[in-house]
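Novice: The sequence shown runs 935 to 1558 under our numbering. Cβ atoms here follow ideal geometry from the backbone N, Cα and C, with glycine treated the same way. Predicted, not measured: the structure shown is a model, and the values here were computed from it.
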Amino acid sequence: MRRARLATAAIGITALVVATVPAGGAFVAAAPSGERARTFTAEDPDNPRLAPVKDPVAIGRGGAVSSVDPEATAIGLRVLRRGGTAADAAVAVAAALGVTEPYSAGIGGGGFLLHYDASKGTVSTIDGRETAPMDMPRDAFIDPETGEPYPFSPDLVTSGVSVGVPGTALLWGKALRRWGSLSLDRALTPAARLAKRGFIVDRTFALQTDENAERFAAFEASRDLFLTDGAAPPVGSRFVNTDLARTYRKMGNKGVEWLYSGRLGRNVVRNVRNPRTVPDTDLPVPPGFMRRSDLRDYTAPNRRPTKVDYLGLDVYGMAPPSSGGSTVGESLNILERLPVSKRNPVTSLHLYLESTAAAFADRAANLGDSDFVNVPLRELLSDGFAGERACTIDVDEAAPKPVAEGSPDGDYSVCKRAQGARAPVADTEGMSTTHLSVVDRRGDVVSYTLTIEQTGGSGITVPRRGFLLNNELTDFSTVYEADDPNRIQPGKRPRSSMSPTIVMRDGEPWLAVGSPGGSTIITTVLQVLLNRLDLGMNLVEAVEAPRATQRNTGSVVAEQDFIDLYGGDLSEFGHEFVPPGDPGTSGSDIGAVAAIELRRNGTLVAVAEPDRRGGGDAAVVEPR
Ligand code: GLU
935 MRRARLATAA
945 IGITALVVAT
955 VPAGGAFVAA
965 APSGERARTF
975 TAEDPDNPRL
985 APVKDPVAIG
995 RGGAVSSVDP
1005 EATAIGLRVL
1015 RRGGTAADAA
1025 VAVAAALGVT
1035 EPYSAGIGGG
1045 GFLLHYDASK
1055 GTVSTIDGRE
1065 TAPMDMPRDA
1075 FIDPETGEPY
1085 PFSPDLVTSG
1095 VSVGVPGTAL
1105 LWGKALRRWG
1115 SLSLDRALTP
1125 AARLAKRGFI
1135 VDRTFALQTD
1145 ENAERFAAFE
1155 ASRDLFLTDG
1165 AAPPVGSRFV
1175 NTDLARTYRK
1185 MGNKGVEWLY
1195 SGRLGRNVVR
1205 NVRNPRTVPD
1215 TDLPVPPGFM
1225 RRSDLRDYTA
1235 PNRRPTKVDY
1245 LGLDVYGMAP
1255 PSSGGSTVGE
1265 SLNILERLPV
1275 SKRNPVTSLH
1285 LYLESTAAAF
1295 ADRAANLGDS
1305 DFVNVPLREL
1315 LSDGFAGERA
1325 CTIDVDEAAP
1335 KPVAEGSPDG
1345 DYSVCKRAQG
1355 ARAPVADTEG
1365 MSTTHLSVVD
1375 RRGDVVSYTL
1385 TIEQTGGSGI
1395 TVPRRGFLLN
1405 NELTDFSTVY
1415 EADDPNRIQP
1425 GKRPRSSMSP
1435 TIVMRDGEPW
1445 LAVGSPGGST
1455 IITTVLQVLL
1465 NRLDLGMNLV
1475 EAVEAPRATQ
1485 RNTGSVVAEQ
1495 DFIDLYGGDL
1505 SEFGHEFVPP
1515 GDPGTSGSDI
1525 GAVAAIELRR
1535 NGTLVAVAEP
1545 DRRGGGDAAV
1555 VEPR
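Next up, the structure:
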């Protein structure tokens, strides 16, 4: 195995290379020449023998995987080595992330998968987004006892009300049938083994567990599975989930119908309608509305991807109910009309911030589930509309925020400055989720983002099944404006920001990109594209570069490194900056990208985060 050779500490792209050492005690890590060697003690959480081995960059041929987790990436790599397709590997990686990233991924949630089929030369998508149960009333977020909206957290998040009909398992089954060579059983087997064998708890997992400890403690099944004496299991300990191992095995045998029309579905419904809390909890846990018929009627539709032409490249993204493809696409269309270039990075970043403010105004006004509301997608992604939006952007000065939405009405003859911005709405999307990118040896590409919404979802673990239920329905608007395209409706899918993206150059796939991060997903994906396509960075630099996100709010949320580097210059344009979250919390980074570049000569460059969210892991089948 590639990893038996070396252990690499996850401390950046210029990672230390560590020699194998005898068990116990401190040991010295040999650094690349010129760098200081580093000593680790057995207790040091950076000790690479405790943390699994991660490489944020891998270059080579024959197939590639990038994800946030080394166990998941290794499983995907094995599938590819044995001749599996990108879809096979994507399902195997996603199932493994359900084990090691249970607070972000799993069969209790949903997601969106973009697929490039090399034999046909086409990009397709599967929508595995959760739906609202048919019994869900439009005022489901109002507490019947008080007549007031439930407080968002913990009441609404930690509730049966917020649990949407999960789509991930159906998406997996469908992806395997359309583009896979493995049975569901074989695709889930490596993850089942991983769940049984366990994985080593790292700092990110421990931090996320501790941040959820209070609400996990309220549910017997969540407490028993995730907490040790009321807190996270210690860093370096092994986390085993035999319930999930059994669940994957059974699903492999019985098929996804086990969830959608079988016993597993009954377990899910029971726990949504009557979440089993411990007797002495103070947490109010409003029950939900899901029925077995909601599961039976659930579908994971194929949707036509969004597509924009940017600098002669075709950028494919996810259509509604995600706002990812449209908002990334609209921003790119706007930027194409503005003086963006590596010769003036500061102006380019100013324009990036202005473009996303405009696109987020249009997102709020127009984006929802297109099966329920009329989303003017063609107009939003039209050149005419981009021209109308770009002409109002001042190259030297930031507009006061929030900016008003534009009019995607087909009439773009004059430069109309939009009037009357909507009152800003609190952004309650979680910062959780996970993304994976895969390329196989035939050239099929998958860009797949999946989530259970908040880190830890609804907090409700299905007893004896080993997975958490989502709180995706809190992605519906929590206020009740009559013209809001993202209002709750029975059967509707809440608006998402997930932005799995594939960029094509001359008809061949060039980049697969995506990220977690709630609504910051959109700006993260866009910023990586901007860095790579316009600002002269290679993919490694494009992913590593500090991030900022302007979602039509007064201040720009930016990582401290971004503020240090550009804050001074950009404040002269009128931008103000705030950091994303307290240092040391899981909210202090923006996004966690997993990307792959396919070079014309067949070389694959797989890139994950060097640092954010504890660093990710990239691998290729034949390393260079
Ligand atoms: N629920 C969010 C969405 O669908 C994603 C949450 C996250 O990234 O943490 O857009």
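Please work out which residues of its chain come closer than 8 Å, Cβ to Cβ, to residue 1192, disregarding the five sequence neighbours upstream and downstream, and give them in chain order.
Specialist: Only 1184, 1185, 1198, 1199 meet the Cβ criterion.
Novice: Determine the contact status of residue 1251 and residue 1433, defining contact as a CB-CB distance below 8 Å.
Specialist: In contact: residue 1251 and residue 1433 (Cβ atoms closer than 8 Å).
Novice: So, helix, strand or coil for residue 1124, using DSSP?
Specialist: Helix, per DSSP.
Novice: Please report the straight-line C-alpha distance between residue 1313 and residue 1344, rounded to a whole angstrom.
Specialist: If you take the alpha carbons of residue 1313 and residue 1344, they lie about 6 Å apart.
Novice: So, under 8 Å CB-CB, residue 1181 and residue 1018 are touching, yes? Tell me the CB distance rounded to an integer number of Å.
Specialist: Residue 1181 to residue 1018, Cβ: 22 Å. No contact.
Novice: Taking the alpha carbon of residue 1137 as the reference point, which residue from 1131, 1145, 1130 has its own alpha carbon closest?
Specialist: Comparing Cα-Cα distances from residue 1137 to each of 1131, 1145, 1130, the minimum goes to 1145.
Novice: Going by C-alpha distance, which of 1108, 1157, 1179, 1229 is nearest residue 1425?
Specialist: If we check each option's Cα against that of residue 1425, 1229 comes out closest.
Novice: What residue from 1233, 1460, 1536 has the CA that sits closest to residue 1065's CA?
Specialist: Out of 1233, 1460, 1536, 1233 has the C-alpha closest to the C-alpha of residue 1065.
Novice: Buried or exposed for residue 1335, please, with buried defined as at least 16 other CB atoms from any protein chain shown within 10 angstroms of its CB.
Specialist: Per the 10 Å Cβ criterion, buried.
Novice: Under 8 Å, with one C-beta from each stretch per pair, do the segment 1002–1019 and the segment 1155–1163 reach the 3-pair mark?
Specialist: Touching, no.
Novice: Spell out the partners DSSP gives residue 1241 in its beta bridges.
Specialist: BP columns for residue 1241 point to 1250.
Novice: Any idea what DSSP makes of residue 1061, helix, strand or coil?
Specialist: Looking at residue 1061 - three-state DSSP - the assignment turns out to be strand.
Novice: Quick one: Cα of residue 1544 to Cα of residue 1271, how far?
Specialist: Those two C-alpha atoms are separated by around 33 Å.
Novice: May I ask you to report which of helix, strand or coil DSSP gives residue 1185?
Specialist: Three-state DSSP puts residue 1185 in a helix.
Novice: Buried or exposed for residue 1276, please, with buried defined as at least 16 other CB atoms from any protein chain shown within 10 angstroms of its CB.
Specialist: Looking at its Cβ environment, which holds fewer than 16 other Cβ atoms inside 10 Å, residue 1276 is exposed.
Novice: Is there at least one non-hydrogen atom of ligand 1 closer than 7 Å to the beta-carbon of residue 1452?
Specialist: The answer is yes for residue 1452.
Novice: Given that a residue counts as buried once 16 or more other Cβ atoms are within 10 Å of its Cβ, and exposed if not, what is residue 1414?
Specialist: Classification of residue 1414: exposed, given that the 10 Å Cβ count is below 16.
Novice: I think residue 1044 touches residue 1406, with their Cβ atoms under 8 Å apart; what is that distance to the nearest whole Å?
Specialist: At roughly 6 Å, the Cβ-Cβ gap stays under 8 Å, so residue 1044 and residue 1406 are in contact.
Novice: On the three-state DSSP scale, how would you describe residue 1081?
Specialist: In this structure, residue 1081 counts as coil in the three-state DSSP scheme.
Novice: Can you find a heavy atom of ligand 2 that lies under 7 Å from the Cβ of residue 1385?
Specialist: In terms of ligand content, the structure shown lacks ligand 2 and carries ligand 1 instead.
Novice: Taking 7 Å as the line, does the beta carbon of residue 1455 fall inside it for any heavy atom of ligand 1?
Specialist: Yes.
Novice: What does DSSP give as the partner residues of residue 995 in its beta bridges?
Specialist: Answer by DSSP bridge pairing, in chain order: 1556.
Novice: Of all the options 998, 997, 1005, which has the alpha carbon lying nearest to the alpha carbon of residue 987?
Specialist: Taking only the C-alpha atoms, the option nearest residue 987 is 1005.
Novice: Less than 7 Å separating the Cβ of residue 1412 from some heavy atom of ligand 1?
Specialist: No; taking the cut-off as 7 Å, the Cβ of residue 1412 has no heavy atom of ligand 1 nearer than that.
Novice: Measuring straight from C-alpha to C-alpha, what distance separates residue 1290 and residue 1263?
Specialist: One C-alpha to the other measures close to 10 Å.
Novice: Can you list, in chain order, the stretches of the alpha helix (DSSP H) that have 4 or more residues and sit fully within the segment 1402–1472?
Specialist: Segments of the alpha helix (DSSP H) lying fully in the segment 1402–1472: 1454–1467.
Novice: Just list the residues that DSSP pairs residue 1144 with in beta bridges.
Specialist: In DSSP, residue 1144 forms no bridge with anything.
Novice: Flag this pair as yes or no: are the beta carbons of residue 1164 and residue 1147 separated by less than 8 Å?
Specialist: Cβ distance < 8 Å, so residue 1164 and residue 1147 count as in contact.
Novice: Just verifying my parser: in three-state terms, what is the DSSP assignment at residue 1538?
Specialist: Here residue 1538 sits in strand by DSSP.
Novice: Under DSSP, the alpha helix (DSSP H) around residue 1229 begins and ends at which residues?
Specialist: It spans 1226–1231 - the alpha helix (DSSP H) in which residue 1229 sits, taken as one unbroken run.
Novice: Give the secondary structure of residue 1172 by DSSP, where H, G and I count as helix, E and B as strand, and everything else as coil.
Specialist: Of the three classes helix, strand and coil, the one that applies to residue 1172 here is strand, per DSSP.
Novice: Looking only at its chain, what residues have a beta carbon closer than 6 Å to the beta carbon of residue 1457, apart from the 5 residues adjacent to it on each side?
Specialist: Excluding positions up to five away in sequence, the list reads 1290, 1483.
Novice: Excluding the five sequence neighbours on either side, which residues of its own chain have a C-beta within less than 8 Å of the C-beta of residue 1533, listed in chain order?
Specialist: Within the same chain, residue 1533 has close Cβ partners 1539.
Novice: With a threshold of 7 Å (Cβ to nearest heavy atom), would residue 1145 be considered close to ligand 1?
Specialist: Answer for residue 1145: no, Cβ out of range of ligand 1.
Novice: Taking the DSSP output, what are the residues bridged to residue 1045?
Specialist: Its beta-bridge partners are 1062, 1384.
Novice: Please report the distance separating the alpha-carbon of residue 1076 from that of residue 1466.
Specialist: Cα to Cα, residue 1076 sits roughly 45 Å from residue 1466.
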